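**Student:**
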Amino acid sequence: MTIPEPDKIIDLRGTPCPLNWVKTKLRLEEMQPGQVLEVVVDDGSPARNVPRSVEAEGHRVLALTDGSDGVHVLIERR
Amino acid sequence: MSGDSSPKAKRVFTEEQIERYSRQLLLPEVGGEGQRKVLAARVLLIGAGGLGSPVGLYLAAAGVGTIGVVDSDRVELSNLQRQVLHATQDLGSEKCLSAKATMEGINPDVRVVPLSIRLRSENILGIIADYDIVVDGSDNFPTRYLVNDACVLAGKPLSHAGILRFDGQVTTVVPGRGPCYRCLYPQPPAPGMVPSCQEAGVLGVTAGVVGCLQATEVIKLILGIGDPLVGRLLLYDGLDMTIRTIRIRRDPACAVCGDSPAITELADYEEFCGLRAAEEIAS
Numbered sequence: 053m054t055i056p057e058p059d060k061i062i063d064l065r066g067t068p069c070p071l072n073w074v075k076t077k078l079r080l081e082e083m084q085p086g087q088v089l090e091v092v093v094d095d096g097s098p099a100r101n102v103p104r105s106v107e108a109e110g111h112r113v114l115a116l117t118d119g120s121d122g123v124h125v126l127i128e129r130r
Numbered sequence: 002m003s004g005d006s007s008p009k010a011k012r013v014f015t016e017e018q019i020e021r022y023s024r025q026l027l028l029p030e031v032g033g034e035g036q037r038k039v040l041a042a043r044v045l046l047i048g049a050g051g052l053g054s055p056v057g058l059y060l061a062a063a064g065v066g067t068i069g070v071v072d073s074d075r076v077e078l079s080n081l082q083r084q085v086l087h088a089t090q091d092l093g094s095e096k097c098l099s100a101k102a103t104m105e106g107i108n109p110d111v112r113v114v115p116l117s118i119r120l121r122s123e124n125i126l127g128i129i130a131d132y133d134i135v136v137d138g139s140d141n142f143p144t145r146y147l148v149n150d151a152c153v154l155a156g157k158p159l160s161h162a163g164i165l166r167f168d169g170q171v172t173t174v175v176p177g178r179g180p181c182y183r184c185l186y187p188q189p190p191a192p193g194m195v196p197s198c199q200e201a202g203v204l205g206v207t208a209g210v211v212g213c214l215q216a217t218e219v220i221k222l223i224l225g226i227g228d229p230l231v232g233r234l235l236l237y238d239g240l241d242m243t244i245r246t247i248r249i250r251r252d253p254a255c256a257v258c259g260d261s262p263a264i265t266e267l268a269d270y271e272e273f274c275g276l277r278a279a280e281e282i283a284s
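The listed protein sequences derive, respectively, from chains A and B. First residue of the first sequence? That's 53 in my numbering, and the numbers climb one at a time after it. First residue of the second sequence? That's 2 in my numbering, and the numbers climb one at a time after it.
Encoded structure:
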């Protein structure tokens, strides 16, 4: 599977739970179904919680990539 | 393609709003879209007393953008046991102004419109016209019937509640979708038949519990979620600690919302307990 280019990127490093998910959710609401959002979160609980909340709300996590600058979560808006 | 170029210009939340409302933004039933509805909503509270206090506190905290507060009384010491919008320092102040200070202090996103007036048949329709939802937190039957009839005539959703001692009842009137208060109780009781809180007493938390149920109904109506108490009467018993809901039906013979209503314009009932007489002597 090829990983699509994100339509939007938001940097949520330094934003604690659950505000990082709230901001992700608000951004997803502004996007169209099928569009892709990339969020960058801190490693640790944000990297665990945000993808879980994304899926609980019915969106799809396309990729989760560890980088030196944080964890990149690629989300398809449903 | 960018989501920002969507045809509907979306209200952008400030960082402070995202943090303030985060716990309800998290709810799938609310989210950004729901919070925008809450911020745009206009709710009228009839009374800033026992019921109006918890309703006002929670609606302000939730970010209901415009809240009208009708109350012409001043804060008295005997109010403070249950009317939690007001504090000892507010004794003697107008309740609607004390309510405004408390509610706007909780949340600067909220604009409270103080209305220090007594509702009458000739002024009520003009007042409720500015609001989406009406909350009856009044303490007397003439007002309760006036508010019900005005909401039916104007087609405004109404949250009704009443409390006494340890007990309360709540229902939601959405004209055209279910019964009104008059379907349930066609006529006010004869003066003296039903004791007031002043005579029978009330536990402060009874007002808190029942007012919080009303606030829940209002937020549901704003968001268009869940199942409001339309066609249902909720009965709360604080001593047994039970909540029951019973089905209530629209009365086709109802004087205000029936098939051929007798009430097509508003009239005032005689005030009980000599309230109006006392007021007129005082003025």
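The beta carbon of each residue, even a glycine, is placed where N, CA and C say it ideally should be. Because the structure is a prediction, the values reported are computed rather than measured.
Going by the beta-carbon positions, is the gap between T172 of chain B and L222 of chain B smaller than 9 Å?
**Tutor:** Sequence index remark: in the second sequence, residue 172 of chain B carries index 171 (1-based). Sequence index remark: in the second sequence, residue 222 of chain B carries index 221 (1-based). No, the Cβ-Cβ distance between T172 of chain B and L222 of chain B is not below 9 Å.
**Student:** For G1 of chain B, count neighbouring Cβ atoms within 10 angstroms of its own Cβ and tell me buried if that reaches 16, exposed if not.
**Tutor:** With chain B covering 2 to 284 only, the question about residue 1 of chain B has no answer from this structure.
**Student:** Using Cβ-Cβ distances below 7 Å, what residues of the segment 23 to 53 of chain B are close to chain A?
**Tutor:** Within the segment 23 to 53 of chain B, the qualifying residues are S23, L26, L27, P29, G32, G33 and E34.
**Student:** Between the C-alpha atoms of T217 of chain B and G53 of chain B, what's the straight-line distance to the nearest angstrom?
**Tutor:** Within the second sequence, numbered from 1, the residue matching residue 217 of chain B stands at position 216. Within the second sequence, numbered from 1, the residue matching residue 53 of chain B stands at position 52. Cα-Cα distance, rounded: 13 Å.
**Student:** Got a sec, what are the start and stop residues for the beta strand (DSSP E) P115 of chain B sits in?
**Tutor:** In the second sequence, counting from the first residue as 1, residue 115 of chain B sits at position 114. Taken as a continuous stretch (DSSP letters only), the beta strand (DSSP E) holding P115 of chain B covers R112 to L116.
**Student:** Hey, how far is the Cα of L27 of chain B from the Cα of I107 of chain B?
**Tutor:** Numbered from 1 along the second sequence, position 26 holds the residue referred to as residue 27 of chain B. Numbered from 1 along the second sequence, position 106 holds the residue referred to as residue 107 of chain B. Going from the Cα of L27 of chain B to the Cα of I107 of chain B covers about 21 Å.
**Student:** What residues from chain A crowd round I19 of chain B, counting only those whose CB sits closer than 9 Å?
**Tutor:** To locate residue 19 of chain B, count along the second sequence from 1; it is residue 18. The contacting residues are L71, V74, K75 and L78.
**Student:** At least one CB of chain B closer than 9 Å to the CB of E90 of chain A: is that the case?
**Tutor:** If you number the first sequence from 1, residue 90 of chain A lands on position 38. No, no contact with chain B.
**Student:** Can you tell me whether DSSP reads R21 of chain B as helix, strand or coil?
**Tutor:** Residue mapping note: residue 21 of chain B aligns to position 20 of the second sequence, counting from 1. Reduced to three states, the DSSP call for R21 of chain B is helix.
**Student:** Alpha carbon to alpha carbon, what distance is there between N72 of chain A and L165 of chain B?
**Tutor:** If you number the second sequence from 1, residue 165 of chain B lands on position 164. If you number the first sequence from 1, residue 72 of chain A lands on position 20. The alpha-carbon atoms of L165 of chain B and N72 of chain A are separated by roughly 45 Å.
**Student:** Return the first residue and the last residue of the alpha helix (DSSP H) that E107 of chain A is part of.
**Tutor:** On the first sequence, position 55 is the one that residue 107 of chain A refers to. S97 to A108 is the span of the alpha helix (DSSP H), which, as asked, contains E107 of chain A.
**Student:** Figure out for me which residue from B:R75, B:V76, B:L126 and B:A162 has the closest Cα to the Cα of V219 of chain B.
**Tutor:** The residue given as residue 219 of chain B occupies position 218 in the second sequence. Closest by alpha carbon: B:A162.
**Student:** Assuming Q36 of chain B is part of the alpha helix (DSSP H), what are its boundary residues?
**Tutor:** On the second sequence, residue 36 of chain B is found 35 positions in, with the first residue counted as 1. Where Q36 of chain B is concerned, the enclosing alpha helix (DSSP H) stretches over G32 to A41.
**Student:** Tell me the DSSP bridge mates of K77 of chain A?
**Tutor:** By 1-based counting over the first sequence, the position of residue 77 of chain A is 25. Beta-bridge pairing links K77 of chain A to no other residue.
**Student:** Look at I68 of chain B and L45 of chain B and say whether their C-beta atoms are less than 9 Å apart.
**Tutor:** Residue 68 of chain B sits at position 67 when you count from the first residue of the second sequence. Residue 45 of chain B sits at position 44 when you count from the first residue of the second sequence. Taking 9 Å as the Cβ cut-off, I68 of chain B and L45 of chain B qualify as a contacting pair.
**Student:** In this structure, how does DSSP classify D63 of chain A when only helix, strand and coil are distinguished?
**Tutor:** Position 11 of the first sequence, counted from the start, is the residue given in the question as residue 63 of chain A. Reduced to three states, the DSSP call for D63 of chain A is strand.
**Student:** Tell me D59 of chain B's beta-bridge partners as DSSP assigns them.
**Tutor:** Against the second sequence, residue 59 of chain B aligns to sequence position 58. Before going on, a small fix: residue 59 of chain B reads as Tyr here, not Asp. None; Y59 of chain B has no bridge partner.
**Student:** Cβ of G32 of chain B within 9 Å of Cβ of K96 of chain B?
**Tutor:** One-based indexing of the second sequence puts residue 32 of chain B at position 31. One-based indexing of the second sequence puts residue 96 of chain B at position 95. No, Cβ-Cβ distance for G32 of chain B and K96 of chain B is not below 9 Å.
**Student:** In chain order, what residues of the same chain lie with their CB nearer than 6 Å to the CB of E30 of chain B, ignoring the 5 residues before and after it?
**Tutor:** Here residue 30 of chain B corresponds to residue number 29 of the second sequence, with the count starting at 1. Cβ neighbours of E30 of chain B beyond the five flanking positions: I226.
**Student:** Please identify, using Cβ separations under 9 Å, the residues of the segment 94 to 109 of chain A that lie next to chain B, in order along the chain.
**Tutor:** So the list reads S105, A108 and E109, given in the order they occur along the chain.
**Student:** With 9 Å as the threshold, decide whether the Cβ of F142 of chain B is near any Cβ in chain A.
**Tutor:** Within the second sequence, the letter at position 141 stands for residue 142 of chain B. No, F142 of chain B does not count as interfacial toward chain A.
**Student:** Taking 9 Å as the threshold (beta carbon to beta carbon), is F14 of chain B in contact with chain A?
**Tutor:** Walking along the second sequence from the start, residue 14 of chain B turns up at place 13. It does; some Cβ of chain A falls within 9 Å.
**Student:** Tell me which same chain residues have a C-beta within less than 8 Å of the C-beta of P262 of chain B, skipping the five on either side of it?
**Tutor:** Counting from 1 along the second sequence, the entry for residue 262 of chain B is found at position 261. The residues are C255 and A256.
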